[in-house]
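To start, the structure under review is shown below, and the notes come after it.
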Amino acid sequence: MSQKPWVNDLQEAIQYRPDPKRLFLSATHDEIIQGYTTDIYFVSAQQILRHLQLDQTPVVAEIFARHPGIFCGLPDVLSLLSHSQVEIWSLQEGDPFDSREVVLRIKGPYSEFGVFETPLLGILAHSAGWATAAQECKEAAGKKMVLCFGARHVHPSVAPVMERSALIGGADSAACILGAKLAGKIPGGTIPHAAILICGDTVLSAKAFDESIPSEFPRIILVDTFKDEAEESLRLAQIIENKLEGIRLDTPEERGGVTLSLVKEVRERLNQAGYPNIKIVVSGGITPEKIRLFHDHTDIFGVGSYISGHSPIDMTMDIKEVAGQRIAKRGRIPGITNNPRLVKIS
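Throughout, my numbering is defined as the position within the sequence shown, counted from one, plus 1.
As structure tokens, this is what we get:
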């Protein structure tokens with residue numbers, strides 16, 4: 002068996018048997034730290050280097066991004082390498098990076114980190130992709146709030162990672178409880194269509210919300226369940242006056258979705274009725290383009306699939322130095338790449 006806490010022997014990898022009684026198909030924390038989410042050829046590499054007595058050869062590896070974005074995922078990287086005797090230089094979470102910029106550098110024996118190349122790249126690629134999408138939305142929204150509603154579009158094992166990444170990228174709040182908590186935030190959200198449908202009336206649901214939910218939670222109610230959105234907004238404003246903080250438009254695509262004309266109508270009708278302070282929240286297929294379109298007539302944007310479905314930003318790891326000598330694969334420049342923005346982490 003390996004002397005390391007992670008797999009570095011092919012036979013060990015082949016003989017590994019996942020617990021048949023596992024609750025979910027996602028990797029456990031132990032399986033990640035033990036290297037069982039890596040590509041098996043990185044295990045082969047460890048065995049080859051040991052055979053040649055090169056496993057303790059000091060190397061420098063660099064990870065660079067294929068496209069610009071927002072750096073995210075560092076806590077998971079540090080956890081993954083917590084048992085490795087290596088030095089790490091990195092950008093800070095939330096830092097922007099350029100195409101082909103080195104975002105992370107690792108120095109130490111290859112045997113101390115090589116088996117983790119697959120999960121390292123995956124952590125950074127997805128986290129950066131989600132953070133970048135959130136940054137694009139926040140940039141479009143300016144001072145107006147962006148809420149991340151993307152957990153329903155991804156596997157629950159990564160939903161907290163995604164929503165935390167969105168918060169690092171600039172989102173103001175997130176609906177996923179664990180995702181918000183991991184970022185030190187209070188999860189944001191009000192009431193789903195399901196509750197309104199079961200109650201049978203939007204106003205009844207809103208009154209029950211107001212009577213049963215602590216006052217620190219904002220009174221923002223969906224208005225597209227049963228009636229015309231403008232009509233429902235006015236009913237709510239009149240019945241729970243001075244308590245209604247906002248209405249949320251989430252009109253389904255079967256009814257044309259949320260449009261600029263709809264947002265404008267609801268805003269104007271609320272203003273004419275004397276409720277200019279009631280905020281308008283829009284959700285459902287919201288993108289940076291729609292945020293810019295609705296910006297002047299909307300107060301809060303709920304974004305789901307644009308963030309959760311954003312493509313990972315491809316990351317590549319290169320060995321750039323072996324035993325103190327510059328080296329690189331063909332097409333790359335040998336030697337450590339200068340990036341003064343990298344900060345030594347460990």
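Positions of the beta carbon are idealized from the N, C-alpha and C atoms, including for glycine. None of the values given here were measured: they were computed from a predicted structure.
- The Cβ atoms of residue 98 and residue 72 lie closer than 9 Å to each other.
- When rounded, the separation of the alpha-carbon atoms in residue 206 and residue 61 is 60 Å.
- Cβ-Cβ distances below 8 Å link residue 33 to 81 and 120 in the same chain, with the five nearest sequence neighbours on each side left out; the list follows chain order.
- In terms of CA proximity to residue 14, 38 leads the group 38, 22, 21 and 28.
- The Cβ-Cβ distance between residue 222 and residue 249 falls below 9 Å.
- Taking C-alpha positions only, residue 174 is separated from residue 324 by approximately 47 Å.
- With respect to residue 321, residue 341 sits apart: the two C-beta atoms are not nearer than 9 Å.
- When secondary structure is reduced to three states using DSSP, residue 109 falls in the strand class.
- Under the criterion of beta carbons closer than 8 Å, residue 132 and residue 185 do not qualify as touching, at roughly 16 Å.
- For residue 270, the enclosing alpha helix (DSSP H) stretches over residues 261-273.
- Counting only runs of 3+ residues, the beta strand (DSSP E) found wholly inside the segment 36-112 occupies 59-66, 88-91 and 103-110, in chain order.
- Look at the beta carbons and you see the segment 189-198 touching the segment 209-229: at least three pairs across the two are nearer than 8 Å.
- Residue 88 is classed as exposed because its beta carbon has fewer than 16 other beta carbons within 10 Å across all chains shown.
- For the pair residue 18 and residue 158, the Cα-to-Cα distance works out to about 21 Å.
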